[in-house]
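Asks: Okay, here's the structure, questions in a sec.
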Amino acid sequence: MGKESVAVYWDFENIHASLYDSANGSGAYGRTQNRSKQQEPLLDVQALYDFATTYGNVAINKAYCNWQWFAQYRHPLLKCAVELIQIFPPGASAKNGADIKLSLDVIEDVLRFPHISAIIVIGGDSDFIPLAQKIKAAGKDLIGIGCKSSTNQHWANSCSDFRYYETFVSDSQADEQAEEDESDTIQIKDPVELLSKAIKQITKKTGDEWVVKASIRPIVKRLDPTFDESNYECKTFAELLKKYPRSFKIKPGEHDHLVSLV
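With the first letter of the sequence shown counted as 1, position 262 gets the number 261 in numbering that gives the first Met the number 0; the numbers rise by one all the way through.
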């Protein structure tokens, strides 16, 4: 599990526009006066990145957009180490062409980097259907993410696995955003919060309440590369889990201990 690699591709304006329309009415984002202005952040970048880490180490992380209108997403995009690909639209009312550039990059990366085991495409456009066929023909898993209100059903059905964006937005989103620090200084994260987030991500993927202990630490390291048990005065990962009995339950499993949230 820890050795697998995943590539993530964001059709960023597409998913943002879907959320804008959900909040303001169908077609609202497409009006020129709404598109040609600085956009307020609507997309929970961190939640989708956290989900991607459950499939493996995020080796490629590219987002496609006309970034002049999306400067307010700067902090979460930097925090998740997203590579920003600038797309200049051919006209005020034309599509930004992100889906074409994205598809070409995916095909190129699949050929160049055979160690990539899964591709995650964030966006609900039906134009990605041919891409889905190519990815699966190459023997890779394709995970799609899109909004319920705007995702093309044929695109969703062409994926190996598809998740609706709305399932990632939790009640804790506001709290997490409030805790975000604009500073570049590394800070030691709360261990219970970090471990709980990792367990929730695995549970969301497997559907099981109990999680194999050995599967947790790789997810924690992807969520926070600076993680180390010694930061919390523990010598082992098991010792760290046992330090918080009010937050985590542990029981013997067939080959390893199982862990769940209290």
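Glycine included, every Cβ here is placed at the ideal spot set by N, Cα and C.
Straight-line CA distance for Ile99 to Asn13?
Replies: Locating residue 99 in the sequence shown gives position 100, where the first residue counts as 1. Locating residue 13 in the sequence shown gives position 14, where the first residue counts as 1. Their backbone Cα atoms lie some 13 Å apart in a straight line.
Asks: Where Val219 and Val211 are concerned, what is the direct C-alpha to C-alpha distance, given to the nearest angstrom?
Replies: Within the sequence shown, numbered from 1, the residue matching residue 219 stands at position 220. Within the sequence shown, numbered from 1, the residue matching residue 211 stands at position 212. Between Val219 and Val211, the C-alpha separation is close to 13 Å.
Asks: Closest to Asp49 by C-alpha separation, out of His254, Lys203 and Lys250, would be which residue?
Replies: Here residue 49 is taken as the residue at index 50 of the sequence shown, counted from 1. Comparing Cα-Cα distances from Asp49 to each of His254, Lys203 and Lys250, the minimum goes to Lys203.
Asks: Roughly how many angstroms lie between the CA atoms of Glu107 and Phe247, to the nearest whole one?
Replies: Position 108 of the sequence shown, counted from the start, is the residue given in the question as residue 107. Position 248 of the sequence shown, counted from the start, is the residue given in the question as residue 247. Distance between the alpha carbons of Glu107 and Phe247 is about 43 Å.
Asks: Give me the Cα-Cα distance between Leu47 and Leu18, rounded to the nearest whole angstrom.
Replies: As a working note, residue 47 is residue 48 in the sequence shown. As a working note, residue 18 is residue 19 in the sequence shown. Distance between the alpha carbons of Leu47 and Leu18 is about 14 Å.
Asks: Could you name the residues that DSSP lists as bridge partners for Glu82?
Replies: In the sequence shown, the residue the question calls residue 82 occupies position 83. Its beta-bridge partners are Lys61.
Asks: Quick check: what's the CA-CA separation for Asp170 versus Leu222?
Replies: Taking the sequence shown and counting its residues from 1, the one referred to as residue 170 is at position 171. Taking the sequence shown and counting its residues from 1, the one referred to as residue 222 is at position 223. With a pLDDT of 43 at Asp170, under the threshold of 50, the modelled position of this residue cannot be trusted; read the value that follows with caution. Roughly 19 Å separates the two Cα atoms.
Asks: Output yes or no for whether 8 Å exceeds the beta carbon distance between Gln71 and Gln37.
Replies: The residue given as residue 71 occupies position 72 in the sequence shown. The residue given as residue 37 occupies position 38 in the sequence shown. Contact flag set, yes.
Asks: Expressed to the nearest angstrom, what Euclidean distance is found between the alpha-carbon atoms of Pro113 and Pro129?
Replies: As a first step, residue 113 must be located in the sequence shown, where it is residue number 114. As a first step, residue 129 must be located in the sequence shown, where it is residue number 130. In a straight line, the C-alpha of Pro113 is about 20 Å away from that of Pro129.
Asks: For the beta strand (DSSP E) holding Ala6, just list the boundary residues, first then last.
Replies: Position 7 of the sequence shown, counted from the start, is the residue given in the question as residue 6. Looking at the DSSP string, the run of the beta strand (DSSP E) that includes Ala6 is Ser4 to Asp10.
Asks: Could you give the distance in angstroms between the alpha-carbon of Ala58 and the alpha-carbon of Val7?
Replies: Mapped onto the sequence shown, residue 58 falls at position 59. Mapped onto the sequence shown, residue 7 falls at position 8. In a straight line, the C-alpha of Ala58 is about 8 Å away from that of Val7.
Asks: Can you tell me whether Ile187 is buried or exposed? The criterion is at least 16 other CB atoms within 10 Å of its CB, across all chains shown.
Replies: If you number the sequence shown from 1, residue 187 lands on position 188. Exposed is the call here.
Asks: Any idea which residues DSSP pairs Tyr19 with across the strands?
Replies: Mapped onto the sequence shown, residue 19 falls at position 20. According to DSSP, Tyr19 bridges with nothing at all.
Asks: Have a look at Ser4 and Gly29 and give me their C-alpha separation to the nearest angstrom.
Replies: As a working note, residue 4 is residue 5 in the sequence shown. As a working note, residue 29 is residue 30 in the sequence shown. Cα-Cα distance, rounded: 36 Å.
Asks: Express the C-alpha separation of Arg245 and Gly138 in angstroms, rounding to a whole number.
Replies: Indexing the sequence shown from 1 puts residue 138 at position 139. Indexing the sequence shown from 1 puts residue 245 at position 246. Distance between the alpha carbons of Gly138 and Arg245 is about 43 Å.
Asks: Apply the 10 Å Cβ neighbour rule to Gln45 and answer buried if 16 or more other Cβ atoms are within range, or exposed otherwise.
Replies: Here residue 45 refers to the residue found at position 46 of the sequence shown. Looking at its Cβ environment, which holds 16 or more other Cβ atoms inside 10 Å, Gln45 is buried.
Asks: Can you have a look at Pro224 and say buried or exposed, based on whether 16 or more other CB atoms are within 10 angstroms of its CB?
Replies: By one-based count along the sequence shown, residue 224 stands at place 225. Pro224 comes out exposed.
Asks: Assuming contact is defined by CB atoms lying nearer than 8 Å, are Asp20 and Phe167 in contact in what I supplied?
Replies: On the sequence shown, residue 20 is found 21 positions in, with the first residue counted as 1. On the sequence shown, residue 167 is found 168 positions in, with the first residue counted as 1. No. Outside cutoff.
Asks: How is Ile249 classed by DSSP in three states: helix, strand or coil?
Replies: Position 250 of the sequence shown, counted from the first residue, corresponds to residue 249. Strand, per DSSP.
Asks: Assign Leu76 to one of three DSSP states: helix, strand, or coil.
Replies: Taking the first residue of the sequence shown as 1, we reach residue 76 at position 77. Of the three classes helix, strand and coil, the one that applies to Leu76 here is helix, per DSSP.
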